[in-house]
Amino acid sequence: MTSQSWRALRVKKYQFSLRLFLFLNLASSLFSMLSPMHHILAITVPLVMITVISAGLLLGHWAWAERKINIPTISILFGCLWAWHVATKTPLMQQPNFSYLVIALLSVLFVGAIAFSNNIIAFTLHSFPVLVTCLLLSDGDQWLRMIYCFALPVIGITIQSVIQKRYDNFAHGLMYKLLEERQTLNDLSMLDPLTGLYNRRGLQNRLETLLSLDASGHYVLLLDIDYFKAYNDHYGHMMGDQALIQVSAAIRNAVRSRDIVTRYGGEEFMVVLTSTTPEMALETAERIRQRVYDLKISHMFNHSVATNVTVSIGLAPLLGEDMEGALEQADKALYEAKHLGRNNILTSEALQKA
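Residue numbers (this note's numbering): 116 to 469.
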């Protein structure tokens, strides 16, 4: 789950709590109208306001779900309206009226506990005005019972909120850890494990970004270690891997950080030189060739060229987004560079002139 998905989930939980709160208030107000307690029909002004406001907000929120309604404001508004209704209806009751006050308080507490099971502030703002009203209208000896009725859900919701917050923090931390690990795995899947250079997947990913920003002034280099099969056969694959590691490091150090260096095959490398000129591209190719030569990795089976490891390089421009065409031209230049004696650089332009 991404951060965006996490925020979307929180918005959905917020919307659900608000709609449930409005629906329960609407249902409670309608029930109070249709089933008057103690056979006393008292359709008060606050009761009508609760019905109209809850129905209006419920319909409006369904139609314009993207508009955010402040839950604490709505909570205290409905709490005050219910307190007003209780204060208006209580004098009409025959004495004693304690049972009505308790049922009214419990009804408001029920609505708040169901709708705001994870929001202690909204629950308190909705319930507290009714609690105060009931305390003022009841005998003093009933206060403890009412406070007890109020305290139980407050304690329960507080505990639930603490547990939910700890769970959310744990889930959030776990989500970010998983995202970091996924990013690490994605990065590793785009890198050659031996040399640390991009593999073909990494190359494709970088090329898509590069070409979407700028599709001009790029050059492709194809490099191949001379007589590398003979090197592996006589020195062993472990020494061959060490040679590949050193050559790849020399190539990477010879280019700019914005250039793309890829292990293209077994002993073949590809470099995409970004935003450069033909002259600078040729200079970079020569710098790579010289740095590999300067490694002085002994290669007695490269005697026709040198006594150490060397590379041959083919160079071609990347025209537009035609990567296949550039690779084809660079490959032809590389093949001819090897044919001309290895440890050599040949451009596709020079090949065409020849």
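Quick reminder that beta carbons are idealized off the backbone N, C-alpha and C, glycines included.
Spatial neighbours of residue 196 in its own chain (CB-CB distance under 6 Å, excluding positions within 5 residues in sequence) are listed in chain order as 161, 164, 165. Annotation for residue 421: no beta strand (DSSP E) segment contains it, and DSSP assigns it neither H nor E. Counting the other CB atoms within 10 Å of its CB gives residue 329 a total below 16, which places it among the exposed residues. Residue 250 and residue 289 have their C-alpha atoms roughly 46 Å apart. Residues of the same chain with a CB within less than 6 Å of the CB of residue 148, apart from the 5 flanking positions on each side, are 158 in chain order. Residue 132 is positioned such that its CB atom lies no closer than 8 Å to that of residue 193.
Looking at the DSSP output, residue 413 sits in a beta bridge with 423.
Within the same chain, and ignoring the five residues on either side of residue 332 in sequence, the residues whose Cβ sits closer than 8 Å to its Cβ are 389, 390, 391, 392. Counting only residues of its own chain and dropping the five nearest sequence neighbours on each side, residue 444 has a CB closer than 7 Å to the CB of 431, 463. For residue 260, the CB contacts under 8 Å within the same chain, skipping 5 residues up- and downstream, are 217 in chain order.
In terms of Cα proximity to residue 245, the closest of 190, 277, 319, 234 is 190. For the pair of segments examined, the stretch 401–414 was found not to touch the stretch 314–325: the number of CB pairs separated by less than 8 Å stays below three.
Non-local C-beta neighbours of residue 276 in its own chain, meaning closer than 6 Å and more than five positions away in sequence, comprise 233, 235, ordered along the chain. If you draw a straight line from the Cα of residue 201 to the Cα of residue 134, it comes to about 24 Å. Counting of Cβ neighbours within 10 angstroms places residue 379 among the buried residues, the total reaching 16 or more.
Only residues of its own chain outside the window of five on either side were considered, and among them 166 have a CB closer than 7 Å to the CB of residue 145, listed in chain order. Classified as exposed, residue 344 has fewer than 16 neighbouring CB atoms from the shown chains inside 10 Å of its CB.
In the three-state reduction of the DSSP assignment, residue 370 falls in the coil class, being assigned neither a helical nor a strand state. Taking the Cβ atoms as the reference, residue 429 lies roughly 7 Å from residue 447, within the contact range of under 8 Å. With distances taken between CA atoms, residue 365 lies nearest to 399 out of 342, 399, 228. Judged by their CB atoms, residue 360 and residue 310 are nearer to each other than the 8 Å cut-off. Rounded to whole angstroms, the gap between the alpha carbons of residue 396 and residue 350 is 33 Å. Of the candidates 214, 420, 426, 426 places its Cα closest to the Cα of residue 406.
Counting along the chain, no alpha helix (DSSP H) covers residue 383; the unbroken beta strand (DSSP E) around it starts and ends at 383–388. Around the CB of residue 404, 16 or more other CB atoms lie within 10 Å, so the residue is classed as buried.
Across the structure, residue 371 and residue 334 are spaced so that their CA atoms are roughly 13 Å apart. In this structure residue 272 is buried. Its beta-carbon is surrounded by 16 or more other beta-carbon atoms within 10 angstroms. The three-state secondary structure of residue 462, taken from DSSP, is strand. Nearest Cα to residue 437 within the set 355, 248, 319: 319. Scanning the stretch 270–347 for uninterrupted beta strand (DSSP E) segments of 3 residues or longer gives 333–340, listed from N- to C-terminal end.
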